[in-house]
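Student:
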Ligand code: HEM
């Protein structure tokens, strides 16, 4: 842990010149979320021009701190990450020294590892029930049992921390593009935590069933079933309350104390990540642009695929008539399911039997999956993938936990009163949040069956590469603010398509 770092730069060197502070820039807007109005675009362009002029002056005068500040603001003006790679070392060094000085000033006393992490509270929180019942003769494995649960709860806390931040980002009406990068990073972090806590069960399984029996009776009626943070994770992700498996014919909240039940109840169905994701997908502007209509385009791809499959079966049917019959049945089944997909009313009727995706969200998710290699869809694809990873890892955890319970208890009842193994195994198959994202794969078709995307569509959804024409026809050039211009051009194009 770092304490009282030396400083050689006054903090006020970080301030921007008076002129800079007069320029107001609007936060960037992800092209997915909405189109920019003409007035906004003009304002953004003017702001960018002023900033560019100031940047050139600052670099000329070797005022690298001011240059950095302007670059950051240029980033804000176009939705890009701030990046000071181009600044000479001297400027970056002054920056980090100043940042360290500001941190050091916050603590009059040097910070101490033990107190900063409140380790007294954490390490003093392992009290064995077996020890209370038989002073001096604790059940050895109960120590591990407690520590493992506490570590789980700490990780749950971290997952909720990340989840809340992602939900906050998704709740904005206009989601800045750089926030989407933050979202996929945090979803990735959540998946990595699940990987770790999945593995933690291996440590607990070093305890034998008889070791567990030495203290199990002291635990009644407490159970992991009462983990408030686990329930909050389920609810904030958006587990469908109607699909919850009841046990003892009672709702899951009735096993919690009054305060916890109120907290968990309040999080049910409110601003869940699942619902926010659906709304976000519905806002995708790329389904229809100019003369391009994704749905018609995709339908053509499906027809191509079915035609090709039938033709292939017909050419081979002479040799394998039995197999051909089965294959034709399978093609007809695919056609039937595709017909449902292309009829919105039929889709909505079928939807009543399980899907939580709206028709538009489904189309957007398909577009993103089918064209994941187009740069504009990279980030959305990563986000949808991240949600699937979380769903999959939680399911694996549920299943793995149920197997561990089987190993420890056989088919005995749980301390919380459930059927134990049978109940837990059922949750593994039914308590899924992002099932629709997995089901999407039923409608994916091979890429070579899809017609080529029209060139003007590809150009308008993506940023031009160096030397190529930008979406508005001008030539892309390689100066240090190229990134911003790319994004402005893409935004302009989208607004023009409206
Ligand atoms: C020897 C180890 C364990 C045994 C025998 C065990 C047993 C059980 C049983 C039988 C249930 C069903 C509810 C009940 O009737 O009590 C349950 C639920 C649960 N347990 Fe465990 N458990 C163990 C370890 C853990 C650990 C380390 C965690 C980590 C936090 C955990 C978290 C949970 C959660 C969250 C539930 C609720 C699952 C749901 O309702 O979907 N358990 N456990």
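Numbering (my numbering), first residue to last: 19 to 516. In this text, a Cβ means the ideal position worked out from N, Cα and C, and glycines have one as well.
1) Please determine if the stretch 326 to 344 and the stretch 216 to 232 are in contact, where contact requires at least 3 C-beta pairs separated by less than 8 Å.
2) Terminal residues of the continuous alpha helix (DSSP H) containing residue 309?
3) How about the stretch 381 to 390 and the stretch 182 to 197: do they share at least three Cβ pairs that are nearer than 8 Å?
4) Within 10 angstroms of the Cβ of residue 409, are there 16 or more other Cβ atoms? Answer buried if so, exposed if not.
5) Taking the straight line between their C-alpha atoms, what separation do you get for residue 157 and residue 460?
6) Could you compute how far the alpha carbon of residue 286 sits from the alpha carbon of residue 452?
7) Do residue 66 and residue 92 have their C-beta atoms closer together than 8 Å?
8) Mind listing, in chain order, the continuous alpha helix (DSSP H) runs of no fewer than 4 residues lying wholly within the stretch 333 to 395?
9) Classify residue 25 as helix, strand or coil using the three-state DSSP reduction.
10) Can you tell which of 454, 160, 267 has its C-alpha closest to the C-alpha of residue 379?
11) Could you spell out the range, first to last residue, of the alpha helix (DSSP H) harbouring residue 202?
12) First and last residue of the alpha helix (DSSP H) that includes residue 233?
13) Quick check on residue 130: does DSSP put it in helix, strand or coil?
14) Relative to the C-alpha of residue 308, which residue among 475, 181, 468, 63 is closest?
15) Between the C-alpha atoms of residue 238 and residue 457, what's the straight-line distance to the nearest angstrom?
16) So what does DSSP say about residue 273, is it helix, strand or coil?
17) Could you spell out where the alpha helix (DSSP H) holding residue 297 opens and where it closes?
18) If you follow the alpha helix (DSSP H) that residue 250 is part of, which residue opens it and which one closes it?
19) Name the residue from 160, 198, 149 whose alpha carbon lies nearest to the alpha carbon of residue 394.
20) Between the stretch 359 to 371 and the stretch 287 to 294, are three or more C-beta pairs nearer than 8 Å?
21) Pick helix, strand or coil for residue 268, following the three-state DSSP scheme.
22) Can you determine whether any heavy atom of ligand 1 sits closer than 7 Å to the C-beta of residue 395, and answer yes or no?
23) Rank 418, 437, 426, 468 by C-alpha distance to the C-alpha of residue 446 and give the top, closest one.
24) Can you say whether residue 450 is buried or exposed, counting buried as having 16 or more other CB atoms within 10 angstroms of its CB?
25) Thinking residue 166 and residue 222 are a contact (beta carbons under 8 Å), I'd like their distance in whole angstroms, please.
26) To the nearest angstrom, how far is it from the Cα of residue 151 to the Cα of residue 168?
27) My output table needs one value for residue 445: the three-state DSSP class, helix, strand or coil.
28) Report the three-state DSSP secondary structure of residue 143 (helix, strand or coil).
29) For residue 49, count neighbouring Cβ atoms within 10 angstroms of its own Cβ and tell me buried if that reaches 16, exposed if not.
30) In whole angstroms, give me the CA-to-CA distance for residue 352 and residue 416.
31) Excluding the 5 residues preceding and the 5 following residue 405 in the sequence, name in chain order all residues of the same chain whose CB lies nearer than 7 Å to its CB.
32) Would you tell me roughly how many angstroms separate the C-alpha atoms of residue 382 and residue 413, rounded to the nearest one?
33) Given residue 259, which residues of its chain have a CB within under 7 Å of its CB, disregarding the five upstream and five downstream residues?
34) Residue 419 by DSSP, collapsed to three states: which one?
35) Please go through the same chain and pick out, in chain order, the residues whose beta-carbon is closer than 8 Å to the beta-carbon of residue 315, but skip the five residues on each side of it.
36) Buried or exposed: which applies to residue 343, given that a residue is buried once 16 or more other Cβ atoms fall within 10 Å of its Cβ?
Tutor: Looking at the coordinates:
1) no
2) Residue 309 -> no alpha helix (DSSP H), and no H or E assigned at all.
3) no
4) buried
5) 51 Å
6) 16 Å
7) yes
8) 339 to 360, 362 to 369, 377 to 388
9) Because the pLDDT at residue 25 is just 37, under 50, the model does not fix this residue reliably, and the value given afterwards should be weighed accordingly. If DSSP states are grouped into helix, strand and coil, residue 25 belongs with coil.
10) 454
11) 195 to 222
12) 227 to 234
13) coil
14) 475
15) 40 Å
16) helix
17) 291 to 300
18) 246 to 255
19) 198
20) no
21) strand
22) no
23) 418
24) buried
25) 5 Å
26) 21 Å
27) helix
28) coil
29) Caution applies to residue 49, whose pLDDT of 48 falls short of 50 and renders its modelled position unreliable; the model cannot decide the point.
30) 32 Å
31) 205, 295, 452, 455
32) 25 Å
33) 286, 287
34) helix
35) 468, 469, 471
36) exposed
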